[in-house]
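For reference, the structure discussed in these notes is given below.
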Amino acid sequence: MALKATNPTTTNAWKKLQAHFETIKSQHLKDLFSADAERANDLTVKWEDFYADFSKNRITTETLDLLVNLADELELKDAISKYFDGDVINATEGRAVLHTALRAPKDAEVFVDGENVIPEVHQVKNKIKDFTNLVVNGDHKGHTGKAITDVVNIGIGGSDLGPAMVVDSLQFYKNQLTTHFVSNVDGDHHKEIIKNLDPETTLFVIVSKTFTTQETLSNANSIRAWFLESLPKEAVSKHFVAVSTNIESVKNFGIAEANIFPMKDWVGGRFSLWSAVGLSISLALGYEHFESLLEGAHKMDEHFKTADFKENIPVISALLTVWYNNFFQSESEAIIPYTQYLNQFATYLQQGIMESNGKSVDRDGNRVNYQTGTLIWGEPGTNSQHAFFQLIHQGTKLIPTDFIGYVESLYGNKDHHNKLMSNYFAQTEALMNGKTEAEVLAEFKGGAMSEEVISKLVPFKVFEGNKPTTSLLIQKLTPESLGKLIAMYEHKIFVQGIIWNIYSYDQFGVELGKQLAKSILAELQDEKTKQHHDASTSNLLDFYKVNC
Ligand code: G6Q
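With the sequence shown counted from 1, adding 54 to any position gets you the working numbering.
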């Protein structure tokens, strides 16, 4: 069954939110805390090893009630059932959206075209497990009889960002294999990676759902040519495996069927790390850790499906985005993990969130008359505090920020961890409270500066505060807790799309670029191929051709 299509701004709940916004927009968070002693408890959700504190957001419990009314009026509950049950909710591509089925237990049942997909999901997982064990244990030998030491994932976009982020984030749990990621069609990228590799001990995992992507096929072809400079053609079967839905094209590339890890078209690229696309994760961390990652995601799926919306972490988180984006008109959101391990997390979420919800046509095909997808950015704390935090504190833009922190560090260095986390706590407090003129003046008191100089400096030293943050405090970074965290943002994306009445699971904007580059490439490769361009592009092409 299709998703309903309702313009959210026409609902009663939206109108009530609009009126409520007028009463709340100039209230300071400090005053909201003073007015309600229970606020911190009422606006915090504790679930498993997650402590999600939403109380430093510019809301009251009434705001949350109204936002939940909006979700109810837009039939979010019904949409969630359709999402998990395999309805064709990616209507523009005619597909179900079932990354959740990839982490469902063996006895679950999810039907696509009348067939339960779960047995096949587990078959592929078994294949990943068996292959991982062979490679990690050194039983899968390369052509010359040596064990594999290096794994190179060749893929781009959804076939790169998820596995790359997870392997980097969970490097503490890694085994002896060294993992590399080649994505950019820039020939210097793969050259830099293969220059130190020994083809005799390297396994290449070509990941492409469609097996038509220019970047991935160019990189795979160039790397195979480099490989064949030192090893014979028969060696390919020991050193190249592929993940794809397009089995025929993979076979044509020269990879035997036994070395193909299949995936299904109901897995979107940017949500595919749970599928065979996660093979590099399994190889890098060992299958047990890959399984724990999936289990964590499944636990978040259950929380999302069953928890009351007022206690539902992804739902509240998504509704807050709507609140800031559509009422406060804020345009971006920052994601700041207080762990260096999550260095690639914001980049990964940029694709997930911006590719999914960067849409301007609603589910009826009409241009929307309200804002949709937000800009996503971020870097780990404390580094980012020394970089762009200035703008969050004292700039003119309102930037709701997620702070992600952990109670325990992985190597257990308490001294460093306390320093790290004191920054996490201090920043959210400072962003909320700011610093008043009186506080600034008090700081100058007793100093050597003249009254005149002080009065000139004061405006620059005042912080308005009232900057909204959400604090996610998680016990420890583990494969399972990372699975929960990623799934939390996946469901947040889904809820936003439902509220904004857009289709979150297509990406026609990405496909246009793929087409355009192909036709210009033909011109660059063949002097005789000429096309009409605007004057700017013509000049640029001429300049490039003359000078390259
Ligand atoms: C993700 C997008 C996109 C895709 C890449 C790679 O949701 O669809 O990032 O993952 O374009 O596509 P292939 O896996 O088909 O090579």
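Where a beta carbon is used, it is the ideal one built from N, C-alpha and C, also for glycine. Here the structure is a predicted model, which is why all the values come from computation and not from measurement.
Simplified DSSP state of residue i, which is helix, strand or coil
i	result
residue 211	helix
residue 355	helix
residue 573	helix
residue 157	helix
residue 606	With the chain running from 55 to 602 in the structure shown, residue 606 is simply not present.
residue 454	coil
residue 105	strand
residue 549	helix
residue 578	helix
residue 255	helix
residue 91	coil
residue 320	coil
residue 278	helix
residue 474	helix
residue 429	strand
residue 365	helix
residue 489	strand
residue 98	strand
residue 239	coil
residue 538	helix
residue 175	helix
Buried versus exposed call for residue i [16 or more other C-beta atoms within 10 Å across all chains shown]
i	result
residue 385	exposed
residue 470	exposed
residue 597	exposed
residue 421	exposed
residue 481	buried
residue 257	buried
residue 599	exposed
residue 85	exposed
residue 586	exposed
residue 521	buried
residue 249	exposed
residue 486	buried
residue 502	exposed
residue 345	buried
residue 400	buried
residue 159	exposed
residue 374	buried
Sub-9 Å separation of residue i and residue j beta-carbons
i	j	result
residue 547	residue 128	no
residue 380	residue 62	yes
residue 498	residue 130	no
residue 307	residue 296	yes
residue 526	residue 222	no
residue 288	residue 194	no
residue 454	residue 532	no
residue 201	residue 154	no
residue 369	residue 358	yes
residue 220	residue 594	no
residue 188	residue 166	no
residue 299	residue 267	no
residue 403	residue 430	yes
residue 340	residue 331	no
residue 459	residue 478	yes
residue 617	residue 184	Here the chain has residues from 55 to 602 only, and residue 617 is not among them.
residue 104	residue 390	no
residue 353	residue 461	no
residue 562	residue 146	yes
residue 576	residue 583	yes
residue 133	residue 140	no
residue 54	residue 270	This structure cannot settle anything about residue 54, because the visible part of the chain is limited to 55 through 602.
residue 313	residue 291	yes
Bridge-paired residues (DSSP) for residue i
i	result
residue 460	528
residue 233	205
residue 169	166
residue 556	For residue 556, which the question treats as bridged, DSSP gives no partner whatsoever.
residue 144	149
residue 387	430
residue 64	According to DSSP, residue 64 bridges with nothing at all.
residue 294	258
residue 314	296
residue 195	201
Ligand 3 heavy atom lying under 8 Å from the CB of residue i
i	result
residue 143	Although ligand 3 was asked about, the structure shown includes only ligand 1 as ligands.
Can you confirm whether the segment 64-82 touches the segment 330-344 when touching is taken to mean that 3 or more C-beta pairs between the two stretches lie within less than 8 Å? no
Three CB pairs or more closer than 8 Å across the segment 114-128 and the segment 338-350: no
With contact counted as at least three CB pairs below 8 Å, one residue from each stretch, are the segment 512-521 and the segment 440-456 in contact? yes
Between the segment 501-510 and the segment 539-546, do three or more beta carbon pairs fall short of 8 Å? no
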